[in-house]
Amino acid sequence: MCLALPAQITDIDFATQMATVSVDGVKVEVSLALVDDVKVGDYVLVHVGFALNKIDEDEALKTLALFVEAGLTAS
């Protein structure tokens, strides 16, 4: 089973197709090679260092709330 996490883009380097994303306050670098038309503030699904696709903010927030409810994240 694979798990992709919703993360919010906080910074983009278009020259390298890399972005900084944040999940529960943890920031990581991910590749944007698989997605188009993203901007700072957008949510993407992240798996093994790649943003797989852009997702709706409401869906991202619902999923993150379920992680909190399940005790998987702190906030």
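Numbering (the numbering used here), first residue to last: 0 to 74. Yeah, the Cβ is synthetic: ideal placement off N, Cα and C, and Gly gets one too.
Beta bridge counterpart(s) of residue i as assigned by DSSP
i, result
"Lys-53", "Val-43"
"Asp-12", "Met-17"
"Leu-4", "Val-45"
Helix, strand or coil at residue i [DSSP, three-state]
i, result
"Lys-26", "strand"
"Thr-72", "coil"
"Leu-65", "helix"
"Ala-59", "helix"
Cβ neighbours of residue i in the same chain (closer than 7 Å, five flanking residues each side left out)
i, result
"Pro-5", "Tyr-42, Leu-44, Ile-54, Ala-59, Thr-62, Leu-63"
Status (buried if at least 16 other CB within 10 Å, exposed otherwise) for residue i
i, result
"Val-34", "buried"
"Ala-50", "buried"
"Ala-18", "buried"
Close Cβ partners of residue i (< 8 Å) along its chain, the five nearest in sequence each way excluded
i, result
"Gln-16", "Ser-30, Leu-31, Ala-32"
"Asp-37", "Looking at the sequence itself, residue 37 is Val, so the reference to Asp does not match. Hits under 8 Å: Ile-8, Ile-11, Ala-18, Leu-31, Val-43, Ala-50, Lys-53."
Residues near residue i in its chain [Cβ-Cβ closer than 6 Å; skip 5 each side]
i, result
"Phe-66", "Thr-72"
Pair within 7 Å by beta-carbon distance, residue i and residue j
i, j, result
"His-46", "Ala-3", "yes"
"Val-27", "Ile-8", "no"
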